[in-house]
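Chemist: Note that the working numbering has the sequence shown beginning at 8, numbered continuously upward.
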Amino acid sequence: MVRGGIPTDTMRSLLLLSLFTVAPLAAEVTYAKEVSRIMQAKCQQCHRPNDIAPFALSTYEDAAAWAEDIKRVVNAGLMPPWKPVAGHGEFRDSFALTEQEKIDLLAWVEGGAPLGDPANLPEPLPAKGDWSLGEPDLTVQMGEPFTPPRGRDTYRCFVLPTGLEDDKYVSAIDIVPGNRASVHHVILYLDSTGKAEELDAAEEGPGYNCLGGPGTPIVGNLSLSDLGNLASNLAYTLGGWAPGTRAHLLPEGIGIPLSKKARIIMQVHYYTNVSRDPDQTRVGIYFAKSRVRKPLFFLPLVQQRLSIPPDVPDHVASMNLTIPFFLDNHVINIFPHMHLLGQEIKVEVTRGSEAKPLILIDKWDFNWQGPYTFTEAQGVSAGSTLRLSCKYDNTAGNPRNPSNPPKQVTWGEGTEDEMCVAFLGITLDRFSF
Ligand code: HEC
């Protein structure tokens, strides 16, 4: 809009003036414009009614009331609790904050947490019930509530018939604990032998005790050589849940086989130090909506030979698995698992001198674990090696150390034992229909 008549100098000072007065305003971060959108994308999946966070961050009033805490937890990297380190695998549905989102959140709090112009507010997200993926296709649950006995660790298995009339492919499962204070983890095994029902009938009360595993023939540590046995071993688990686990749909065309004959055995680990209220945990099952061409297999990378000495802050355990001829595969998702001494867990694929990271979690937190689904399936060709390594801090300086004084720790299911596991959900390149 440069017109004749206005001297250039005046123009320049007008321009400068407008820059100076407009710039700070334009930089003001408001709830209506930026923060509400960050809350929707990165916080509300948990901070909503009926979910795991202790309060909602659905409205301006919510966010403003928590502003100082938001600044503290974002600065400290505690929230959102997204664990994989950037640059080591790329995952779908990430709720990690981008640098810009982080800068905006902090600037908003420092600027006095203004609402801004309500006209800029986005539509609120549709309300969801207990299930983060919406109403499941099938819900199964314990027949009656179970009250765990007093004691630190109880492992109880419940047999859940599905009532299915056809074989199905499962695209996602979600688990809603009946008592969030006592349910420590849940693993869903599958049994088609009828053995689980026998075990259940032999014990009083709902379910049966099952430390270590469901007590039925399962393909526990499926090694790649077992995969020759594909038909009978098609699936032995539907997955699991631990505090912080979010449900994810598998990519299209991939599903976990669920035979109509199978019973779901739900193993629940109760930790009753806080609460002994009855529990009735529910499982929501989402079936694949489009044709499945590739079944998902679970390949556990496991190092059971653990011997973690006391007073060592950085003990490392690792294992390698070289993919045999013909078993080229793609990794769809990955679920790393350790207990309370764990500090860092890493999985990579190596081939010759090349190493490709699959996942790295460098601030392991038992309370935040779950499966991470790759944005793109990760090819692992025959001849390459999957390498898992786990690092532990078994000193008194580790505030999570369950043993005081620290003691020698070995592999086991108990809270005081340790594990070094990564469950890989894979498809086999030569196995599709
Ligand atoms: C995956 C679920 C999840 C997501 C995503 C999440 N939170 Fe949380 N948040 C929780 C849970 C559970 C707690 C309570 C337990 C805890 O502190 O770990 C919590 C606690 C908090 C607290 C209180 C912490 C304290 O020390 O008092 C704040 C503040 C918070 N979250 C902010 C946020 C913000 C801001 C976001 C998004 C940028 C976010 N959270 C994303 C689950 C989540």
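Cβ atoms here follow ideal geometry from the backbone N, Cα and C, with glycine treated the same way.
Helix, strand or coil for D76 per DSSP?
Modeler: Looking at D76 - three-state DSSP - the assignment turns out to be helix.
Chemist: Tell me the DSSP bridge mates of K398?
Modeler: Answer is V323, E351, bridged to K398.
Chemist: Is it the case that the segment 409 to 423 contacts the segment 316 to 325, given that we only count it when at least three CB pairs across the two stretches are under 8 Å?
Modeler: At 8 Å Cβ cutoff, the stretches touch.
Chemist: Tell whether a beta-carbon distance below 7 Å holds between I272 and P221.
Modeler: Cβ distance < 7 Å, so I272 and P221 count as in contact.
Chemist: Between the C-alpha atoms of G158 and N280, what's the straight-line distance to the nearest angstrom?
Modeler: Going from the Cα of G158 to the Cα of N280 covers about 7 Å.
Chemist: With DSSP as the reference, label C53 as helix, strand or coil.
Modeler: Correct three-state label for C53: coil.
Chemist: Using only the heavy atoms of ligand 1, determine whether one of them is closer than 6 Å to the beta carbon of W115.
Modeler: Incorrect: W115 has no Cβ contact closer than 6 Å to ligand 1.
Chemist: How would you write the range of the beta strand (DSSP E) that D181 sits in, first residue to last?
Modeler: From DSSP, the beta strand (DSSP E) with D181 extends over 175 to 183.
Chemist: Below 6 Å, is the gap between the Cβ of K296 and the nearest heavy atom of ligand 1?
Modeler: Not under cutoff, so the answer is no.
Chemist: Grab the span of the alpha helix (DSSP H) containing A114 for me, first residue to last.
Modeler: Element bounds for A114: 106 to 117.
Chemist: Would A71 pass as an interface residue toward chain C - the criterion being a Cβ-Cβ separation below 7 Å?
Modeler: Given the protein chain composition of this structure (a single chain), no chain C is represented.
Chemist: Excluding the five sequence neighbours on either side, which residues of its own chain have a C-beta within less than 7 Å of the C-beta of L145, listed in chain order?
Modeler: Contacts found: T169, I292.
Chemist: Span of the beta strand (DSSP E) holding D198?
Modeler: Counting along the chain, the beta strand (DSSP E) containing D198 begins and ends at 190 to 198.
Chemist: Between the segment 102 to 109 and the segment 56 to 73, are three or more C-beta pairs nearer than 8 Å?
Modeler: No: fewer than three Cβ pairs fall under 8 Å.
Chemist: Below 8 Å on the Cβ atoms is my guess for G349 versus W371; work out the distance and round it to an integer in Å.
Modeler: Rounded, the Cβ-Cβ distance is 4 Å, consistent with contact.
Chemist: Taking 6 Å as the cut-off, is the CB of A60 close to at least one heavy atom of ligand 1?
Modeler: Indeed, a heavy atom of ligand 1 lies less than 6 Å from the Cβ.
Chemist: Per DSSP, what kind of secondary structure is N408 in: helix, strand or coil?
Modeler: Looking at N408 - three-state DSSP - the assignment turns out to be coil, as it is neither helix nor strand.
Chemist: May I ask you to list the residues that DSSP assigns as paired with K301?
Modeler: I261, per the DSSP bridge assignment.
Chemist: At a cut-off of 6 Å, would you count P87 as near ligand 1, judging by its Cβ distance to the nearest heavy atom?
Modeler: True, at least one ligand heavy atom lies under 6 Å from that Cβ.
Chemist: Tell me where the beta strand (DSSP E) around D160 begins and ends.
Modeler: Note, D160: beta strand (DSSP E), 160 to 167.
Chemist: Can you tell me the Cα-Cα spacing of R55 and G136, whole angstroms?
Modeler: When rounded, the distance between both Cα atoms is 10 Å.
Chemist: With a threshold of 7 Å on Cβ separation, who are the neighbours of W248 within its own chain once the five nearest residues in sequence on each side are excluded?
Modeler: Cβ neighbours of W248 beyond the five flanking positions: I182, H192, V193.
Chemist: Determine whether the beta carbon atoms of G246 and I341 lie at a separation below 7 Å.
Modeler: No, the Cβ-Cβ distance between G246 and I341 is not below 7 Å.
Chemist: Taking Q202 as part of the alpha helix (DSSP H), name the residues at either end of that continuous run.
Modeler: Contrary to the premise, residue 202 reads as Lys rather than Gln in this sequence. Taken as a continuous stretch (DSSP letters only), the alpha helix (DSSP H) holding K202 covers 202 to 208.
Chemist: With DSSP as the reference, label I59 as helix, strand or coil.
Modeler: Three-state DSSP puts I59 in coil, outside helix and strand.
Chemist: Tell me whether T417 is buried or exposed, calling it buried when 16 or more other Cβ atoms sit within 10 Å of its Cβ.
Modeler: Burial call: exposed.
Chemist: Within 6 Å: the Cβ of W73 and any heavy atom of ligand 1?
Modeler: For ligand 1, at least one heavy atom lies less than 6 Å from the Cβ of W73.
Chemist: Provide the residue span of the beta strand (DSSP E) that contains E383, from first to last.
Modeler: Counting along the chain, the beta strand (DSSP E) containing E383 begins and ends at 379 to 387.
Chemist: Could you spell out the range, first to last residue, of the beta strand (DSSP E) harbouring M273?
Modeler: Unbroken beta strand (DSSP E) run through M273: 270 to 278.
Chemist: In terms of DSSP beta bridges, what is W248 paired with?
Modeler: V193.
Chemist: For D69, name the three-state secondary structure that DSSP assigns.
Modeler: Three-state result, D69: helix.
Chemist: Expressed to the nearest angstrom, what Euclidean distance is found between the alpha-carbon atoms of L32 and D69?
Modeler: Low local confidence applies: a pLDDT of 49 at L32 is under 50, so the model's placement there is unreliable, with the coordinate-based value given in what follows. Each residue's alpha carbon lies about 24 Å from the other.
Chemist: For T252, which residues in the same chain have their Cβ closer than 6 Å to its Cβ, ignoring the five residues on either side in sequence?
Modeler: Here the set comprises G377.
Chemist: Tell me which residues share the same chain as F440 and place their Cβ nearer than 7 Å to its Cβ, disregarding the 5 neighbours each side in the sequence.
Modeler: Result list for F440: R300, in chain order.
Chemist: Quick one: Cα of E351 to Cα of M326, how far?
Modeler: Distance between the alpha carbons of E351 and M326 is about 15 Å.
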